[in-house]
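Using UniProt numbering, the letters of the sequence shown map in sequence onto residues 1 to 451. A virtual CB, placed ideally from N, CA and C, is assigned to each residue, including glycine. Being a predicted model, the structure only gives us computed values, none of them experimental. Structure, as structure tokens:
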Amino acid sequence: MVLLTRRSDESVDPLSRALAPPKNESAEQRAIREAKEAEACRESNRIDEIIKQEKQAISRKKAPVKVLMLGQTESGKSTTVKIFQLSYARQAWEDERMSWRTVIHLNLVRSVNTILDALENAPEIASRVNLLRMRLGPLRHVQHDLETHLGLTEGEEIHAASEAGILRRPAEVCVRSRSGWAAALGFAKQRARNPGRHSLAEEALEVILKSRDDIAALWGDDDVRAALEERGVRLEDQSGFFLDDLYRIAHRGYEPTDDDVVRARLRTMGVQEYRFLFETGTHAGHEWIFYDVGGSRTHRGSWHPYFMDVKAIIFLAPISVFDEKLEGEAGGNRLEDSIKFWTTICKSKLLTKVQLILFLNKCDILERKLVRGVPLRRYIPTYGDRANDMPTASKYLRKQFQEIARKHSPEPRRVYTYLTTAIDTRAMAATLGMIRVGIVNDNLQTAELLR
1 MVLLTRRSDE
11 SVDPLSRALA
21 PPKNESAEQR
31 AIREAKEAEA
41 CRESNRIDEI
51 IKQEKQAISR
61 KKAPVKVLML
71 GQTESGKSTT
81 VKIFQLSYAR
91 QAWEDERMSW
101 RTVIHLNLVR
111 SVNTILDALE
121 NAPEIASRVN
131 LLRMRLGPLR
141 HVQHDLETHL
151 GLTEGEEIHA
161 ASEAGILRRP
171 AEVCVRSRSG
181 WAAALGFAKQ
191 RARNPGRHSL
201 AEEALEVILK
211 SRDDIAALWG
221 DDDVRAALEE
231 RGVRLEDQSG
241 FFLDDLYRIA
251 HRGYEPTDDD
261 VVRARLRTMG
271 VQEYRFLFET
281 GTHAGHEWIF
291 YDVGGSRTHR
301 GSWHPYFMDV
311 KAIIFLAPIS
321 VFDEKLEGEA
331 GGNRLEDSIK
341 FWTTICKSKL
351 LTKVQLILFL
361 NKCDILERKL
371 VRGVPLRRYI
381 PTYGDRANDM
391 PTASKYLRKQ
401 FQEIARKHSP
411 EPRRVYTYLT
421 TAIDTRAMAA
431 TLGMIRVGIV
441 NDNLQTAELL
451 R
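Okay, here's the thing in structure tokens:
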């Protein structure tokens, strides 16, 4: 009998025994027990769903989207990267906004000093300018202090050319860090935490405030403007131009607007890497990496290590520079240099599968030059007797760049071409928004905005 009883006990499932309701369980006790079991089941399902979602997120997570920005110096590469950040990494943009204030003040002061340098040999207005030159002399020290505050280092001299000849501008300071403008802004933030260091930028602002009326008198003088025009100096066509906003930005309570930050000039040297975690849109959470290669010809070999796994190349060709010469080289035309650079990119067999996006940039400046009567045919003989207006000129230049891609690409492919004005924040953001979708989906055809 004992053996039979033991075998009967062993045949009962231990789990079933553990889960069985207690003997003599009342209806109230049963209701409480079942409620607890239901809650435990819901919690288990919730945990299972979290685990499932985490697994799906890991499986969906993609490698960073890498984009290579190419183009000569002052072609608009950094400006384009800024607008990407403004549009899709807004929090990072806001974190940096106030740090750009010092850069903008530096841009303003540098413009004033450029005017004073250009007018050193202007006897026709010497008597009128000498007093202003003396009163604005402290801005030389202000420029140096602001450059120090940003941790900038000496660059090379810049040679700007126009119909009036070649103007040698002072050596432009630059950022040499791999992290580009973020390094300078971070340097400024670090100094701002030290009250003694912070006063450097504040003291510079006080000098600017005291000089506002003299700056306005200098820039507003018709004879000064005429002398600058004769010497081929058109500050309003250069990046970092804020003289028309003097009283707005030279103010203690000044806070840079989005457009101010986009227009601000902070030169970079070498290869800069900008990482943004997109915060909005269908690709929120994706990391994008932009490689901004220094535009001078001495740095162009630097882009080779970066094209192996890039998703796309955005090539910026400033078409407004048809009458300008290269830095340091009186014989080289800037537009011709862009064409040669573009040809090199199109010829590369290693880039055959990389999406090519071409921005024919600075259309606003091109239009202003054409309206002033600067003849395109003088610098581009093949332009012939075509009309010297924006629609005709842009159509001709776009066709030339597209023909280069067709002729020199190792295999047939489509190049996506856009007429752009990088500092037109809204229009540029709309263009970049469509390009972003095309890059991620490997299908730029739906993003094409050819005119």
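Per-residue DSSP class, three states only, for residue i
i	result
Gln400	helix
Lys311	coil
Asn441	coil
Phe322	coil
Gln238	coil
Gln355	strand
Ala122	coil
Asn361	strand
Asn388	coil
Leu266	coil
residue 473	Past the boundaries of the shown model lies residue 473; the chain is included only from 1 to 451, so the question cannot be answered.
Leu350	helix
Ala40	helix
Arg136	One detail in the question is off: residue 136 reads as Leu in this sequence, not Arg. Note: Leu136 maps to coil in three-state DSSP.
Ala35	helix
Cβ pair residue i, residue j closer than 9 Å
i	j	result
Glu206	Asp145	no
Glu273	Gln91	no
Thr425	Asp258	yes
Ile314	Met69	yes
Asp323	Val371	no
Pro256	Arg97	yes
Thr343	Ile380	no
Gly71	Phe401	no
Leu209	His149	no
Leu246	Trp219	yes
Ile215	Val112	yes
residue 457	Tyr383	Lying outside 1 to 451, the shown extent of the chain, residue 457 is not represented and no answer is given.
Rounded separation between residue i and residue j - CA only
i	j	result
Leu335	Val321	6 Å
Leu106	Gln143	6 Å
Asn361	Met428	10 Å
residue 495	Lys353	With the chain running from 1 to 451 in the structure shown, residue 495 is simply not present.
Ala312	Ile357	7 Å
Pro410	Ile47	54 Å
Ile50	Cys41	14 Å
Asp391	Ala217	Asp is not the amino acid found at residue 391; the sequence shown has Pro there. Approximately 37 Å, taken between the alpha carbons.
Asp237	Tyr418	21 Å
Trp288	Pro21	58 Å
Ser87	Trp93	9 Å
Val65	Ile435	13 Å
Lys82	Val261	8 Å
Leu228	Gln355	42 Å
Asp221	Leu277	47 Å
Tyr254	Arg406	49 Å
Leu326	Lys52	58 Å
Leu132	Glu230	20 Å
Pro123	Ser75	35 Å
Asn333	Arg378	12 Å
Glu37	Arg30	10 Å
Val437	Asp95	26 Å
Leu316	Glu43	55 Å
Glu54	Ala284	16 Å
Asp309	Glu367	37 Å
Asn24	Asn45	31 Å
Gly433	Arg398	22 Å
Val233	Ala63	46 Å
Residue i - containing alpha helix (DSSP H), residue span
i	result
Tyr247	Leu246 to Ile249
Val142	Leu139 to His149
Lys66	Where Lys66 is concerned, there is no enclosing alpha helix (DSSP H), although the beta strand (DSSP E) it sits in stretches over Val65 to Leu70.
Val224	Asp222 to Glu230
Glu336	Arg334 to Lys347
Val261	Asp258 to Arg263
Tyr383	Run containing Tyr383: none; DSSP gives neither H nor E here.
Leu376	Leu376 to Tyr379
Nearest-angstrom Cβ-Cβ length linking residue i and residue j, presumed shorter than 8 Å
i	j	result
Pro318	Ser338	7 Å
Ala422	Thr114	So it is not a contact: roughly 21 Å between Cβ atoms.
Gly240	Arg265	3 Å
Val129	Val224	7 Å
Leu139	Ser211	6 Å
Phe242	Ile104	6 Å
Leu116	Ile125	In fact, because the Cβ distance is near 12 Å, the residues do not count as touching under 8 Å.
Cys363	Thr420	7 Å
Val67	Phe290	5 Å
Extent of the continuous beta strand (DSSP E) to which residue i belongs
i	result
Thr114	Per DSSP, Thr114 belongs to no beta strand (DSSP E); it is in the alpha helix (DSSP H), Trp100 to Ala118.
Asp292	Glu287 to Val293
Arg97	Taken as a continuous stretch (DSSP letters only), Arg97 belongs to no beta strand (DSSP E), being part of the alpha helix (DSSP H) at Arg90 to Arg97.
Glu273	Val271 to Leu277
Tyr418	Tyr416 to Leu419
Any chain D beta carbon closer than 9 Å to residue i
i	result
Val65	Given the protein chain composition of this structure (a single chain), no chain D is represented.
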